[in-house]
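Read left to right, the sequence shown gives residues 1 to 233 (the UniProt record's numbering).
Everything on this sheet refers to the single structure shown next.
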Amino acid sequence: MDSLHSTMNQHIKGKHLSFEERVIIQLRLKDGYSLRAIARELNCSPSTISYEVKRGTVELYHGKVKRYKATQGHDAYQAHRKNCGRKSNFLRKTQFMRYVHKHFFKDGWSLDVCSNRATAVGAFSSRDVVCTKTLYKYVDQGLLDIHNYDLPEKLKRNTKLHRIRKNKKKLGRSIEERPKEINKRNEFGHYTSVKLLLLITHFYFFICLLFHSKSDHHYYETKSKSNHIDQPT
Numbered sequence: 001m002d003s004l005h006s007t008m009n010q011h012i013k014g015k016h017l018s019f020e021e022r023v024i025i026q027l028r029l030k031d032g033y034s035l036r037a038i039a040r041e042l043n044c045s046p047s048t049i050s051y052e053v054k055r056g057t058v059e060l061y062h063g064k065v066k067r068y069k070a071t072q073g074h075d076a077y078q079a080h081r082k083n084c085g086r087k088s089n090f091l092r093k094t095q096f097m098r099y100v101h102k103h104f105f106k107d108g109w110s111l112d113v114c115s116n117r118a119t120a121v122g123a124f125s126s127r128d129v130v131c132t133k134t135l136y137k138y139v140d141q142g143l144l145d146i147h148n149y150d151l152p153e154k155l156k157r158n159t160k161l162h163r164i165r166k167n168k169k170k171l172g173r174s175i176e177e178r179p180k181e182i183n184k185r186n187e188f189g190h191y192t193s194v195k196l197l198l199l200i201t202h203f204y205f206f207i208c209l210l211f212h213s214k215s216d217h218h219y220y221e222t223k224s225k226s227n228h229i230d231q232p233t
């Protein structure tokens, strides 16, 4: 019997399909659902389901049968994701990198001067250079022959962000949140730890004093371990 209330999170439009949703597509195609019916269930576009089925379809039995596999679709998705994102311009702008390397070591220019002076004097166009931040990024990645110890000003700066760390132990609610009736000390549980310790100390002292006064009226006789008593000479 199908559940009336689904425990699965509803798909957000524009978000990539997850592996669990690809498994649902595989099961619904096996049950004979149409692409639009699957799209309504997953709350996404029918085109998304169509593209996913094309990417994840494999040939079985020497190409006689074509069937969608969730694992194949997910592997194709991860392979395509590796090619996403902006590519580095380091290999495309090798001439500018030689320019930076030359003036940095020979003329003592900073990376900021190399980036801005190249376009200011007309040595390079704005398309053939990278910004100062990108140059520092290349230094951190080790793409340039310039190292961090060649940049004394960079080593002087503190790049760590100041943050307030949370307590590792949760100490509970603050004592300032206690009700005002506790300050009246009408009940036993309303006493603070200091006052409670004083009460226990006074009670213990009273018991010890009472026991001492009672023991003064009794005489306790103890026998010696040896029967021989040394006579005085």
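From the three backbone atoms N, C-alpha and C, an ideal C-beta is built for every residue, glycine too.
Computed from a predicted model, the values in this text were never measured in an experiment.
Does Lys-133 come out as helix, strand or coil in the three-state DSSP assignment? Under the three-state reduction of DSSP output, Lys-133 falls in the helix class.
Exposed or buried, which one is Leu-155 when buried takes at least 16 other CB atoms within 10 Å? Exposed, by the Cβ-count rule.
Considering only DSSP beta bridges, list what Thr-57 is partnered with. Note: Thr-57 sits in a beta bridge opposite Tyr-68.
Our contact map puts Asp-145 next to His-101 with C-beta atoms below 8 Å; I'd like the distance itself, whole angstroms only. About 6 Å; that satisfies the 8 Å criterion.
DSSP state of Cys-114 mapped onto helix, strand, coil: Three-state DSSP puts Cys-114 in a helix.
Are there 16 or more other CB atoms within 10 angstroms of the CB of Gly-122, so buried, or fewer, so exposed? Counting Cβ neighbours within 10 Å, Gly-122 comes out exposed, since fewer than 16 surround it.
Under the three-state DSSP convention, the category Asn-158 falls into: Under the three-state reduction of DSSP output, Asn-158 falls in the coil class, being neither helix nor strand.
Counted within 10 angstroms of its Cβ, other Cβ atoms place Thr-201 as buried (16 or more) or exposed: Label assigned to Thr-201: exposed.
Start and end residues, alpha helix (DSSP H) containing His-103: Unbroken alpha helix (DSSP H) run through His-103: 94-106.
Along the chain, where does the alpha helix (DSSP H) containing Val-121 start, and where does it finish? From DSSP, Val-121 is part of no alpha helix (DSSP H); its letter is neither H nor E.
How should His-62 be labelled, buried or exposed, when 16 other C-beta atoms within 10 angstroms of its C-beta is the threshold for buried? Under this definition His-62 is an exposed residue.
Which residues in the same chain as His-147 place their Cβ atom closer than 8 Å to its Cβ, once the five residues preceding and following it in sequence are excluded? Contacts found: Val-139.
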